[in-house]
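Here my numbering = 1-based position in the sequence shown + 2.
No residue lacks a Cβ here, since even glycine has one placed at the ideal position from N, Cα and C.
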Amino acid sequence: MRYNKAITYIFGLSTVALAGVAYGLYRDKQQLKADISELRANILKYEQRDGNSFVVERISKQMEDIAYQQMDISDKRREEALFQMRVADEMRSKAESEQRKAEEFARNVVEARNMAEQQKELAVTQQLKAEHARNVADTLSYIALGRSLASLSSTQYLAGNKDASALLAYAAWKFTSSYKGNVNIPVIFKSLSQNSGSFSSNIIHKGGVSKIIPLDNKGHFVSVSRYGEITRWKQQSGKWEKQLLASDNSCSYRDVCTDGDGVIYALSYNGKLQSVANGHVAQPIILPEKTDWTHICRISSRQLLLVAKSRLYFFDTVKRQIVKTVDVPQTVTAIGNRDGSVLLFGENSGEWKVDAEGRLTAEDVRVKGKITAYTWSKSKQRAAVGTESGDIFLLDANGNSMRKLIGHSSRITDLLFKDDFLFSASYDRVVNLWDANATNSEAVALRDYSSWLYCLCSADPNSIFVGSQSGAVSRIVVSPSEMAATIHANLKRDFTADEWSYYVGDNVPKMKLKD
């Protein structure tokens, strides 16, 4: 901007100079005209006076001399004007050159500033990457430390050092959860389970517990046994309360459900349907077939669906009688519910959806093998099926197989989704937990039993119930945070300095675990 003003100023001076020269020429010309006019007047006067030609000639000579003088003055002033123009052009060229230099300098300054900003941003990015890499390394280190402490906890537990085992289990959970690690991996889950007292059990039935269902919103459940018992019970604060509703040792109950009015219906393998309403046990209904009755579920507001081998019976709860019979192409090995639709699975990989009118719609089965258990997660829109061989398959909403879970060695008897986790029970006497979101999910064995396992049921947000062949119902806490809280509340002491140095290491700042 400074250089632009200089150029403007120079142009102004040149213009003023040229204007001065022009004005001088104009003034001389006017003076010449005046002089010529005066001489002409004198000539006229002399001619009129005496007609002397000599005077006229002399005057003409004077006029010619004056004209030459004026031309000479004009030439000098024109040369001066041209000189001033050349000076102005040189000054303008010099100013323009200086302006170009200034603009180039300004561009260099901007480029240097931009380069400095880029270098600064690069330095910040490199610093962030370095911090991220350091944080990742620290995270992996602390997660690995958590696994190591969990393994040491189990070793100390088996050795009878319960205080040290509890401290190690809680520290393992603390480090792993704080650094967003997976606290459901087997080694950590096992240490938490051992030290939290997460397992409790009670003999509810004579004979195997075939099915457990929630009865109301007050924490009551109902279960049936293969020894003909229907029992209403509740588990709260470590105490079990139970009430035997019905008992008939001629029955072997395989399934149970409730209708819209809360009436309990239990289905016996040998063709008896028992109902209990408000504690009153009705006369059992004798069903058409004498054996192979396996499943019962509610299919509409007043209808129950009963399954006997390869035949479906629709039971009207108001009329208390069978109103329709439908044949199934294969022996039914499992039933399930997907968003209110009842699904049937056949022994030769068949699958059908059945409605309240008795219409069967074949479904496309993408899992080969005999399906023995099914569960559906409404929130995750995915299913899980268990097979006779012990394999489990996770399926998407369209029935496509997402992945195969291998961890059981015998028939899958029941499956249960709970948040992001899948629970499975099997004839191999093990209850497994699976992370349904993990790409390669490793089975976490929640408990090894001494008898076959028949059924699973969600107890509350933090636990599940398991029914076994022994007649016992067990409650297993499946929430690592809940188990860790229990361990923390029961800690008797903190790590000594030597214990911290030995188990954790001096490079990790000692933290206080017991409040």
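Taking buried to mean at least 16 other C-beta atoms within 10 Å of its own C-beta, is residue i buried or exposed?
| i | result |
| --- | --- |
| VAL506 | buried |
| THR389 | buried |
| MET485 | buried |
| PHE85 | exposed |
| GLU353 | buried |
| PRO482 | buried |
| ILE205 | exposed |
| TYR504 | exposed |
| PHE497 | buried |
| PHE107 | exposed |
| ILE187 | buried |
| GLY338 | buried |
| ARG477 | buried |
| GLY348 | buried |
| VAL432 | buried |
| ASP508 | exposed |
| ASP261 | buried |
| TYR28 | exposed |
| THR335 | buried |
| ARG256 | buried |
| ASN434 | buried |
Would you mind giving the Cβ-Cβ distance between residue i and residue j, rounded to the nearest angstrom? I have them listed as a contact below 8 Å.
| i | j | result |
| --- | --- | --- |
| SER200 | VAL446 | Incorrect: roughly 13 Å between the Cβ atoms, too far for contact. |
| ILE298 | CYS259 | 5 Å |
| GLY281 | LEU247 | 7 Å |
| GLY469 | ILE215 | GLY469 to ILE215, Cβ: 11 Å. No contact. |
| SER428 | SER412 | 5 Å |
| SER254 | GLY230 | 7 Å |
| LEU314 | VAL356 | 7 Å |
| TRP436 | LEU418 | Rounded, the Cβ-Cβ distance is 11 Å, inconsistent with contact. |
| VAL367 | LEU307 | Going by Cβ atoms, the distance from VAL367 to LEU307 rounds to 20 Å, so no, they are not a contact pair. |
Out of the options, which one is the CA nearest neighbour of residue i?
| i | options | result |
| --- | --- | --- |
| ASN251 | HIS207, SER143, LEU142 | HIS207 |
| LYS192 | LYS370, LEU154, THR319 | LEU154 |
| TRP454 | ARG94, SER343, ALA474 | ALA474 |
| GLY360 | VAL344, ASN197, VAL328, GLU92 | VAL328 |
| GLU59 | LEU41, TYR315, MET73 | LEU41 |
| GLU543 | ILE489, HIS490, LYS514 | Since the first residue shown for the chain is 3 and the last is 517, residue 543 is missing from the structure and cannot be characterised. |
| LEU448 | SER167, GLU123, ILE190, ASN110 | ILE190 |
| TRP242 | SER203, SER503, ASN492, ALA375 | SER203 |
| LYS420 | GLU92, GLU81, ALA385 | ALA385 |
| LYS380 | ALA364, GLY371, LYS370, LEU397 | LEU397 |
| GLY221 | ILE187, LYS103, ARG234 | ARG234 |
| MET65 | ARG79, SER76, ALA43, ASN402 | ALA43 |
| ASP517 | ARG495, LEU269, ARG109 | ARG495 |
| LEU346 | ASN163, THR374, GLU105, LYS321 | THR374 |
| TYR456 | SER227, ILE324, ALA152 | SER227 |
| SER225 | GLY240, SER249, GLN238 | SER249 |
| HIS490 | LEU194, SER303, LEU269 | LEU194 |
| SER303 | PHE317, GLU291, TRP295 | PHE317 |
| ALA440 | VAL185, GLN129, GLN121, ALA90 | VAL185 |
Distance cutoff 8 Å, beta carbons only. Does residue i sit that close to anything in chain C?
| i | result |
| --- | --- |
| GLN71 | Of the protein chains in this structure there is only one, and it is not chain C. |
| request: Only counting runs of 4 or more residues, tell me where the alpha helix (DSSP H) segments fall wholly within the stretch 271–311, in order along the chain. | output: The qualifying runs do not exist here; there are none.
| When the Cβ atoms of the stretch 465–476 are set against those of the stretch 162–181, are three or more pairs found closer than 8 Å? | Result no; under three Cβ-Cβ pairs closer than 8 Å.
| Which runs of the beta strand (DSSP E) spanning at least 3 residues fall entirely within the stretch 373–427, listed in chain order? | Scanning the stretch 373–427 from its first residue to its last, the whole beta strand (DSSP E) runs of 3-plus residues come out as 373–379, 384–389, 394–397, 403–407, 414–420.
| said: Quick test of the definition: if touching needs 3 or more C-beta pairs under 8 Å, does the stretch 176–183 touch the stretch 145–164? | reply: Yes, the stretch 176–183 touches the stretch 145–164.
| What residue ranges within the stretch 315–375 form continuous alpha helix (DSSP H) runs of no fewer than 4 residues, ordered along the chain? | The qualifying runs do not exist here; there are none.
| query | Where in the stretch 437–488 do unbroken runs of the beta strand (DSSP E), each at least 3 residues long, occur, reported from the N-terminal end onward? | reply | For the stretch 437–488, the full-length beta strand (DSSP E) segments reaching 3 residues or more read 446–450, 455–462, 465–470, 474–479 along the chain.
| request: For the stretch 155–218, list the beta strand (DSSP E) runs that are entirely contained and at least 3 residues long, ordered along the chain. | output: With a minimum length of 3 residues, the continuous beta strand (DSSP E) runs that stay inside the stretch 155–218 are 201–205, 211–216.
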